[in-house]
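Visitor:
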Amino acid sequence: MMEPRNRVVQVSLFGDPERLEVVDAPLPTASRGELRVRVLASSLNYTEVLIRRHLYPQTMGLRPPFVMGYDVVGAIDQIGEGVHDFQIGDRVADMTVVGSNADYRTLRANDVARVPEGVDAAEAATLILSWTTAYQLLHRAARVERGQRVLVHGAAGAVGQALIVLGRLAGIELWGTARGEHMALVRELGATPIDYKHEDFTRVLPGGFDVIVDGVGEDGYRRSYAALKPGGLLCAIGFSASVQAQRRMLPIVMEIARLYLWRLLPGGKRARFYSVNAMRARHPIWFKEDLERLFGLLATGAIRPRIAARISFDEVVDAHRRLETGGLEGKLVLCPDLSSRHNQRAA
C-alpha cells in the first residue's frame, strides 16, 4: 500500500509570496504523547505575511525552509504511545504558529481542543487565531463590562469582525474604523462605522473610549492613546501600517516598548501589547477553554465567521498576495482535499 502524500507549503526564503512553494515532505509519525492528524482546514492569516517577511516576533528564530500554517483542524489518523481519551477519526484543533499548511502533521495531545461533530472544519479553523484573540482581548485582557464604549481599528478584518460580534454578545457599544467600501459590513455586524480616510476617530467620542483595540499602529499608536478616556485601556495587537511601509523590526519593537512607558503619564490611561501566544504560554488552560467555548457558539449558530474563499494548495501563493493587498471581508482557508477547480467562495 502506498504511503499517503504529504504536501506542505514551504517558505524557501523570506520575502514575497513567490518565496512560497508546495513540496512533498516525509509523512510524520506520532511520537509518545502526540497525535497525527489528516489536515481538514488551515486558515491563512495576515500574521503569516509577517512570518513570511521575517517580521513576526515569535518566529524570528526560524530560518527557511520551514512549513507555514498558523492553525489547524484535523481528523486523528494515528495515536502515539501514552495518549488516552482520543480515538481514530476524532476531530481536533490547535494553534501551531507554523507547520499546518500540510496534508498531515503531528500535535501534542495535551494541547488540542476538541471540535464538535457537525461543525464545518473551515469555519472552525477561522476561530483558532482571530476569534480566540478577540475573545481574550475582550474578556481576559480588557475585561469589558456591559455598556462600555470600545473602538476597533481594522473592524472589517478577521479579528475586527470577531471583536464586533463577540462585543455585541457582551453588551458593549462599538465603533469600528475601516475603508469606505467596508462601512456597510461594519454596520451590519453591529458597530458604528468610521471611514478612517475621511473621519477623525479621535473626535468621534468627546469623552473618549473605554477600550481601543489597535492592530494598525499608525503614528506609533499615539492617536489611539489620545482617543482614550481617563483610565481607558489601549490594547495594541499588531502593526500593519509599519508592515505596509516596509519598516524594519527594530523601530517597530521600540514603538511597542513605548506603550509601557505611557502608563507613567498623568490621566491614568493604560496601554499594553496583547499577544495570543504570550497569553497562552502564561495561561494554557484559558486558551483551550476559550477556543472550545467559541466552537460551542459556532455549533449553536450564535456566531458565523465569514470565509472569503476555500482554497487548494495550487492557490496559496495568490492567496498570500490577496492577504498582503488587504480588503478581504473574510478568511482564506486552505482545504487540502479541495482541488482548485472546486474553489468555493462564500460571503
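First residue of the sequence shown? That's 930 in my numbering, and the numbers climb one at a time after it. Positions of the beta carbon are idealized from the N, C-alpha and C atoms, including for glycine.
From this set, L979, V996 and G998, which residue's C-alpha is nearest M989's C-alpha?
Guide: Among L979, V996 and G998, the Cα nearest to that of M989 is on L979.
Visitor: Between the segment 1051 to 1058 and the segment 1260 to 1268, do three or more beta carbon pairs fall short of 8 angstroms?
Guide: A contact exists between the segment 1051 to 1058 and the segment 1260 to 1268.
Visitor: Is there contact between the segment 960 to 980 and the segment 1246 to 1255, where contact requires at least three CB pairs shorter than 8 angstroms?
Guide: Touching, per the Cβ criterion.
Visitor: Apply the 10 Å Cβ neighbour rule to G998 and answer buried if 16 or more other Cβ atoms are within range, or exposed otherwise.
Guide: With 16 or more other Cβ atoms within 10 Å, it is buried.
Visitor: Between the segment 1142 to 1149 and the segment 1075 to 1091, are three or more C-beta pairs nearer than 8 angstroms?
Guide: At 8 angstroms Cβ cutoff, the stretches touch.
Visitor: Ignore the nearest five residues each way along the sequence and tell me which others in V1002's own chain have a CB closer than 7 angstroms to its CB.
Guide: Correct list, in chain order: L969, A970, R1020, A1022, V1044, A1050, A1053 and A1054.
Visitor: With distance defined between alpha-carbon atoms, name the residue in F1130, A1084 and I1214 nearest to L1118.
Guide: Closest option to L1118, Cα to Cα, is A1084.
Visitor: When the Cα atoms are used, what is the spatial distance from G944 to V951?
Guide: Between G944 and V951, the C-alpha separation is close to 16 angstroms.
Visitor: How is the beta strand (DSSP E) around Y1033 delimited, first residue to last?
Guide: Taken as a continuous stretch (DSSP letters only), the beta strand (DSSP E) holding Y1033 covers Y1033 to R1037.
Visitor: Would you tell me roughly how many angstroms separate the C-alpha atoms of F1157 and A954, rounded to the nearest one?
Guide: A small fix is needed here, since residue 1157 is Leu in this sequence, not Phe. C-alpha separation (whole angstroms): 50 angstroms.
Visitor: Along the alpha helix (DSSP H) that carries G1089, what are the first and last residues, could you check?
Guide: Residues A1087 to L1098.
Visitor: Taking 6 angstroms as the limit between beta carbons, can you name the residues of its chain near Y1125, skipping five residues before and five after?
Guide: Closer than 6 angstroms at the Cβ level, and outside the excluded window around Y1125, lie T1106.
Visitor: Since V1145 sits in a beta bridge, which residues does DSSP pair it with?
Guide: Note: V1145 sits in no beta bridge, so no partner.
Visitor: Between G1197 and C1164, what straight-line distance do the alpha-carbon atoms span, to the nearest angstrom?
Guide: Those two C-alpha atoms are separated by around 15 angstroms.
Visitor: For R1152, which residues in the same chain have their Cβ closer than 6 angstroms to its Cβ, ignoring the five residues on either side in sequence?
Guide: Excluding positions up to five away in sequence, the list reads T1131.
Visitor: In terms of residue numbering, what span does the beta strand (DSSP E) encompassing A1207 cover?
Guide: Here A1207 belongs to no beta strand (DSSP E); instead the alpha helix (DSSP H) covers V1205 to R1211.
Visitor: Comparing alpha-carbon positions, which option in E977, F1015 and Y1033 lies nearest V937?
Guide: Out of E977, F1015 and Y1033, Y1033 has the C-alpha closest to the C-alpha of V937.
Visitor: If R1078 sits next to D1139, beta carbons under 8 angstroms apart, how far is it from one beta carbon to the other, in whole angstroms?
Guide: About 5 angstroms; that satisfies the 8 angstroms criterion.
Visitor: Count the other CB atoms within 10 Å of the CB of H1127; is the residue buried (16 or more) or exposed (fewer)?
Guide: Exposed: under 16 other Cβ atoms inside 10 Å.
Visitor: Is the beta carbon of H1100 sitting closer than 8 angstroms to the one on R1075?
Guide: A small correction: the amino acid at residue 1100 is Gly; His does not occupy that position in the sequence shown. Yes, they are a contact pair.
Visitor: Thinking just about the alpha-carbon of each residue, which of Y1154, A1070, G1160 and E1244 is nearest to the one in H1212?
Guide: Nearest C-alpha to H1212: A1070.
Visitor: Rounded to the nearest angstrom, what separates P1159 and H983 at their Cα positions?
Guide: Cα to Cα, the separation comes out at about 37 angstroms.
Visitor: Assuming W1060 and L1080 make a contact with CB atoms under 8 angstroms, what is their CB distance in whole Å?
Guide: Not a contact, Cβ separation roughly 19 angstroms.
Visitor: Spatial neighbours of I1093 within its chain, please: CB distance less than 8 angstroms, with the 5 preceding and 5 following residues excluded, ordered by chain position.
Guide: So the qualifying residues of the chain are V1081, A1084, L1103, G1105, V1115, L1118, G1119 and A1120.
Visitor: Quick check on this structure: which residue in L1036, V966 and T1035 has the alpha carbon closest to the alpha carbon of I1005?
Guide: The option with the nearest alpha carbon to I1005 is V966.
Visitor: Which first and last residues belong to the beta strand (DSSP E) in which A1200 is found?
Guide: R1199 to F1202 is the span of the beta strand (DSSP E), which, as asked, contains A1200.
Visitor: What are the partner residues of A1107, as DSSP defines its beta bridges?
Guide: Beta-bridge pairing links A1107 to D1124.
Visitor: Relative to the alpha-carbon of H1068, which residue among L1267, F1224, F1242 and L1095 has its alpha-carbon at the smallest distance?
Guide: The candidate whose alpha carbon is nearest that of H1068 is L1095.
Visitor: Report the rounded CA-to-CA distance for A1155 versus I1166, giving the unit in angstroms.
Guide: About 17 angstroms.
Visitor: Output needed for A1038: all residues of its chain with C-beta closer than 7 angstroms, excluding positions within five of it in sequence on either side, in chain order.
Guide: Excluding residues within five positions, the ones whose Cβ falls inside 7 angstroms are G962, E963, L964, V1012 and F1015.
Visitor: Thinking D1000 and L1058 are a contact (beta carbons under 8 angstroms), I'd like their distance in whole angstroms, please.
Guide: That belief holds up - the Cβ atoms of D1000 and L1058 are roughly 5 angstroms apart, short of 8 angstroms.
Visitor: Would you tell me roughly how many angstroms separate the C-alpha atoms of G1047 and S1029, rounded to the nearest one?
Guide: Each residue's alpha carbon lies about 22 angstroms from the other.
Visitor: Three-state secondary structure (DSSP) at G1160?
Guide: Three-state DSSP puts G1160 in a strand.
Visitor: So which of L942, R1108, Y1064 and E1110 has the shortest CA-CA distance to L1098?
Guide: Of L942, R1108, Y1064 and E1110, the residue nearest in Cα terms is Y1064.
Visitor: I'd like the list of long-range same chain contacts for Q987, defined as Cβ closer than 7 angstroms, with 5 residues on each side in sequence excluded.
Guide: Correct list, in chain order: V1026 and N1206.
Visitor: Count the other C-beta atoms from every protein chain shown that fall within 10 angstroms of the C-beta of R934, then say buried if there are 16 or more, exposed otherwise.
Guide: R934 is exposed by the Cβ-count criterion.
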